[in-house]
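Novice: Chains as they are written, first to last, in the working numbering: chain L, 1 to 255; chain G, 256 to 510. C-beta: ideal position from N, C-alpha, C; glycine also. Before anything else, here's the structure in question.
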DNA sequence: ATACATAGTGTATTTTTTACACTAAGAAAA
DNA sequence: TTTTCTTAGTGTAAAAAATACACTATGTAT
């Protein structure tokens, strides 16, 4: 395999490491809820098709490729998404990651060394659905968003990976203002509150939420309002990136 | 490499994966401070010796070995430590992880495929120094504790790994009562406070700290006191494991 | 007997969190 | 054009948590 050169916008990869992969858990948010980006795999030259064959975008990394870069490259190759901040979450190495017949067929169709145990490192990102468009390419036939409450059985151990990442997301949102990555440039406080409620899976008091968010200092109140909504239009806010960075420290510390 | 069988108390490993390793960052605490366990490497049959050649305990994982198990096995093989809760922290994949001449010599002496980029997954544990004794074995000539403030240049990217783990430790101690893993079975509140101050690198108010810790509910006040100390003996406490588990949730949440 | 070192204790003030219900503004329907 | 519907937006009082702060207690060593 070393010798095989793969070109992409993200550099040339000389040879794929058959033992290491990355998988990307991309969260997006719109009015219907919190979603994850899933691809449908093509089974190469095989004349096989499966219904509901969904997986996280992911693939082998290069022999000398930084995993962080592999995640960026592979996400781009499979979904066209780029300029996204991907954060490493966890590395999964269960030898029985490949147990479903579908997965074995797929690996045989697409991998040069299909039978080895692959260690995969999961990356996570939060993006604003309005600002990005996912278009399938590579071995991805489709690339679509799925509500986190309605994720079907996925390839390999991808359900486990998604579950783990959701836990990490829930934990993070208590401590860091990460929600803003999922918002459009301009948003109302109700949209933001809705996001928090979706991620945490519980109701939040409106007045307390607003006081806390405005008090946090990383919101900029715009002189703009919603229009053409069948109710009182909400004032729009945007997000102060400078204050964001400095607020990534824990909010509530001993002394 | 597949075919080579490695036996250990922690199972038989059939063949080592030359692309993946684990490294263990083991924290211990005693009255002199917060320490990390480091080994000194033996250079196999080579007649080479280096001064101050220190590294984290770590090695290649098996082809079909769960990384979690590899960490447990390798820590045991190199230091004799066992029954320690190791937690995965991060995976490091920098292609220039191996840049120092010493490291290249060592890899050539000990590895079958010394030249490939190795992806390493770091594990972290907190232990009570009094309860464990580290004894070097395998390619470890020595296994000693080093104050985190005095860690010299280590092998590979191990300084980066230690730095990252310390950040994770600092963050965790704000949110979880992890400090107890580092304490002996019976401890005084001053010892615990000293630990917190060492990890966080700052002074904490004594009365507030005590109120908070006792109020947390996971301390058991013993009817025992220190003896033979040249000052008023401190009352001893132990740690309520049951309450510990349930308190692993964030302390300070929205609603 | 005294010096020394660390243990152990309480309170007032400020800040943060929580619980809670009505009015405002626009679009849509009648 | 009035009414209805839907979501936006607002304040306060009470409780809980965080903070700042200084002296007495009890043992060993001299």
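Have a look at residue 119 (chain L) and residue 376 (chain G) and give me their C-alpha separation to the nearest angstrom.
Specialist: By 1-based counting over the first chain, the position of residue 119 (chain L) is 119. By 1-based counting over the second chain, the position of residue 376 (chain G) is 121. Going by the C-alpha atoms only, they are around 10 Å apart.
Novice: Cβ closer than 9 Å: which chain G residues qualify as neighbours of residue 119 (chain L)?
Specialist: The sequence position of residue 119 (chain L) within the first chain is 119, counting from 1. Those within 9 Å of residue 119 (chain L) in chain G are 272, 274, 275, 316, 322, 346, 374 and 376.
Novice: Residue 64 (chain L) touches chain G at which residues, Cβ-Cβ below 8 Å?
Specialist: Taking the first residue of the first chain as position 1, residue 64 (chain L) is located at position 64. Chain G residues near residue 64 (chain L): 350 and 372.
Novice: On the DSSP bridge list, what partners appear for residue 221 (chain L)?
Specialist: Stepping through the first chain from its first residue, residue 221 (chain L) is reached at position 221. Paired residue(s): L:237.
Novice: Under the three-state reduction of DSSP, which class applies to residue 33 (chain L): helix, strand or coil?
Specialist: If you number the first chain from 1, residue 33 (chain L) lands on position 33. Residue 33 (chain L): strand per DSSP, three-state reduction.
Novice: For residue 54 (chain L) and residue 39 (chain L), I'd like the C-alpha separation in whole angstroms.
Specialist: In the first chain, residue 54 (chain L) corresponds to position 54, counting from 1. In the first chain, residue 39 (chain L) corresponds to position 39, counting from 1. If I take the Cα positions, the gap works out to 6 Å.
Novice: Within a Cβ cutoff of 7 Å, which residues of the same chain sit near residue 256 (chain G), ignoring the five residues on either side of it in sequence?
Specialist: Translated into positions along the second chain, residue 256 (chain G) becomes position 1. Caution applies to residue 256 (chain G), whose pLDDT of 40 falls short of 50 and renders its modelled position unreliable; the value that the coordinates give is listed next. Taken in chain order, the residues that qualify are 270, 271, 273 and 367.
Novice: Would you tell me roughly how many angstroms separate the C-alpha atoms of residue 402 (chain G) and residue 337 (chain G), rounded to the nearest one?
Specialist: On the second chain, position 147 is the one that residue 402 (chain G) refers to. On the second chain, position 82 is the one that residue 337 (chain G) refers to. Taking the straight line from one Cα to the other gives about 22 Å.
Novice: By how many angstroms is the C-alpha of residue 59 (chain L) removed from the C-alpha of residue 154 (chain L)?
Specialist: Sequence index remark: in the first chain, residue 154 (chain L) carries index 154 (1-based). Sequence index remark: in the first chain, residue 59 (chain L) carries index 59 (1-based). Their backbone Cα atoms lie some 15 Å apart in a straight line.
Novice: What is the rounded straight-line gap between the Cα of residue 412 (chain G) and the Cα of residue 85 (chain L)?
Specialist: In the second chain, counting from the first residue as 1, residue 412 (chain G) sits at position 157. In the first chain, counting from the first residue as 1, residue 85 (chain L) sits at position 85. Computed Cα separation, rounded: 24 Å.
Novice: With a Cβ-Cβ cutoff of 8 Å, do residue 128 (chain L) and residue 182 (chain L) count as a contact?
Specialist: Indexing the first chain from 1 puts residue 128 (chain L) at position 128. Indexing the first chain from 1 puts residue 182 (chain L) at position 182. Cβ atoms of residue 128 (chain L) and residue 182 (chain L): closer than 8 Å.
Novice: Can you grab the Cα-Cα spacing for the pair residue 136 (chain L) / residue 143 (chain L), in whole Å?
Specialist: Mapped onto the first chain, residue 136 (chain L) falls at position 136. Mapped onto the first chain, residue 143 (chain L) falls at position 143. Spanning the two alpha carbons is a distance of roughly 5 Å.
Novice: Starting from residue 88 (chain L), find everything on chain G with Cβ-Cβ shorter than 8 Å and list it in chain order.
Specialist: For the purposes of this step, residue 88 (chain L) is identified with residue 88 of the first chain, where counting begins at 1. The contacting residues are 345 and 346.
Novice: Where do the N-terminal and C-terminal ends of the beta strand (DSSP E) with residue 413 (chain G) fall, by residue?
Specialist: Numbered from 1 along the second chain, position 158 holds the residue referred to as residue 413 (chain G). Not the beta strand (DSSP E): residue 413 (chain G) falls in the alpha helix (DSSP H), residues 413-430.
Novice: Given this structure, state the Cα-to-Cα distance separating residue 177 (chain L) from residue 350 (chain G), to the nearest angstrom.
Specialist: Here residue 177 (chain L) is taken as the residue at index 177 of the first chain, counted from 1. Here residue 350 (chain G) is taken as the residue at index 95 of the second chain, counted from 1. Taking the straight line from one Cα to the other gives about 32 Å.
Novice: Straight-line CA distance for residue 448 (chain G) to residue 464 (chain G)?
Specialist: By 1-based counting over the second chain, the position of residue 448 (chain G) is 193. By 1-based counting over the second chain, the position of residue 464 (chain G) is 209. One C-alpha to the other measures close to 7 Å.
Novice: In chain order, what residues of the same chain lie with their CB nearer than 7 Å to the CB of residue 446 (chain G), ignoring the 5 residues before and after it?
Specialist: For the purposes of this step, residue 446 (chain G) is taken as the residue at position 191 of the second chain. Taken in chain order, the residues that qualify are 438.
Novice: Could you please give the first and the last residue of the uninterrupted alpha helix (DSSP H) stretch that includes residue 213 (chain L)?
Specialist: Locating residue 213 (chain L) in the first chain gives position 213, where the first residue counts as 1. Note, residue 213 (chain L): alpha helix (DSSP H), 206-216.
Novice: Roughly how many angstroms separate the alpha carbons of residue 599 (chain G) and residue 233 (chain L), rounded to a whole number?
Specialist: The question about residue 599 (chain G) has no answer, for chain G in this structure spans 256 to 510.
Novice: Am I right that residue 151 (chain L) and residue 25 (chain L) are in contact with their C-beta atoms under 8 Å? What's the rounded C-beta distance?
Specialist: Residue mapping note: residue 151 (chain L) aligns to position 151 of the first chain, counting from 1. Residue mapping note: residue 25 (chain L) aligns to position 25 of the first chain, counting from 1. About 11 Å separates the two Cβ atoms, so there is no contact after all.
Novice: Could you name the residues that DSSP lists as bridge partners for residue 41 (chain L)?
Specialist: Reading the first chain from its first residue, position 41 is the one you call residue 41 (chain L). Residue 41 (chain L) pairs with L:140.
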